[in-house]
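Undergrad: Quick one: the structure is below, questions incoming.
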Amino acid sequence: MNIFRLAGDMTHLMSIVVLLLKIRATKSCRGISLRTQEMYLLVFLCRYLDLFYSFVSLYNTVMKLIFLASSAAIVYYMRYDRVVKQTYDRRQDTFRYLFLIVPCLILALLINHAFTLTEILWTFSIYLEAVAILPQLVLMQRTQNIDNLTGNYVLLLGTYRGLYILNWIFRFFTEPHYRQWLVWISGLLQTALYGDFFYYYFKCWKSNKKLTLPA
Amino acid sequence: AATAAAHDEL
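Order-wise, the sequence lines are chains A and B. Take the first sequence: its letters are residues 146 to 360, numbered as in my numbering. Take the second sequence: its letters are residues 807 to 816, numbered as in my numbering.
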């Protein structure tokens with residue numbers, strides 16, 4: 146494992162910690178898209194099925210369990226916590242997630258490394274992760290009042306994707322057999338989706354203004 | 807082996 150991969154994983158972990166802190170400390174999930182969170186949970190459930198049949202390292206196993214548990218906790222809070230669920234922007238968070246899930250599933254059936262159930266679910270999780278942030282980005286454009294924790298959450302997620310690309314570039318040169326074009330293309334698309342957000346985040350930050358995204 | 811390589815990431 147290289148430094149970019151580790152830094153990427155830690156940023157990913159921090160993004161989830163920030164989100165859980167926001168929910169638990171402020172008892173509010175305002176500005177957070179439940180649809181994005183549910184898709185992340187689905188991504189982890191499909192991808193980490195390999196917990197049952199393959200072992201990579203203790204680090205991998207522990208991280209997978211943390212990601213599963215924390216994303217399930219976030220979805221639980223937003224859907225079922227008596228106080229938190231009242232702060233959910235139900236009327237604003239209207240992105241149709243089947244428009245993302247169905248195409249990803251079809252694409253995973255058509256383009257994959259091996260036509261087996263676990264491999265197709267794994268591929269599906271790669272495709273879905275690439276676009277799962279979209280409802281969150283749309284929600285942030287609609288609610289012009291983005292709080293700091295939400296902004297930092299998305300910033301950390303975007304940074305995690307950027308670091309993973311550096312990790313792949315590093316692996317491309319250091320591991321001759323590492324040629325994952327399927328993962329690369331999805332990952333590049335995913336990082337590109339954050340481009341706009343990054344632009345406005347730093348623009349507002351430089352001029353000391355509150356973060357807003359133009360509609 | 808090509809597929810196994812990517813599965814070591816999270």
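C-beta atoms are modelled at their ideal positions from N, C-alpha and C, and glycine is treated no differently.
Could you name the residues of chain B that residue 160 of chain A contacts, counting a contact when the two beta carbons are closer than 8 Å?
TA: Correct list: empty, because the minimum Cβ distance to chain B is about 13 Å.
Undergrad: To test your reading of the DSSP string, which unbroken alpha helix (DSSP H) runs of 4 or more residues are found completely within the segment 256-285 of chain A?
TA: 262-276
Undergrad: Along the alpha helix (DSSP H) that carries residue 295 of chain A, what are the first and last residues, could you check?
TA: 293-319
Undergrad: Is DSSP giving residue 448 of chain A helix, strand or coil here?
TA: Nothing about residue 448 of chain A can be reported from this structure: the residues present for chain A run from 146 to 360 only.
Undergrad: Helix, strand or coil: how does DSSP classify residue 233 of chain A here?
TA: coil
Undergrad: Is the separation between the beta-carbon of residue 308 of chain A and that of residue 149 of chain A shorter than 8 Å?
TA: With a cutoff of 8 Å on beta-carbon distance, residue 308 of chain A and residue 149 of chain A are scored as near each other.
Undergrad: Shorter than 8 Å from the beta carbon of residue 155 of chain A to some beta carbon of chain B?
TA: In terms of beta-carbon proximity, residue 155 of chain A stays away from the interface with chain B, with every pair separated by 8 Å or more.
Undergrad: Compare the C-alpha of residue 276 of chain A against each of A:315, A:174, A:188, A:175 and name the closest.
TA: A:188
Undergrad: Check each residue of the segment 210-227 of chain A: if its Cβ is closer than 8 Å to any Cβ of chain B, include it; give the result in chain order.
TA: 212
Undergrad: Starting from residue 119 of chain A, trace the alpha helix (DSSP H) both ways and give me its first and last residue.
TA: Within the shown structure, residues of chain A are numbered from 146 to 360, placing residue 119 of chain A beyond reach of any answer.
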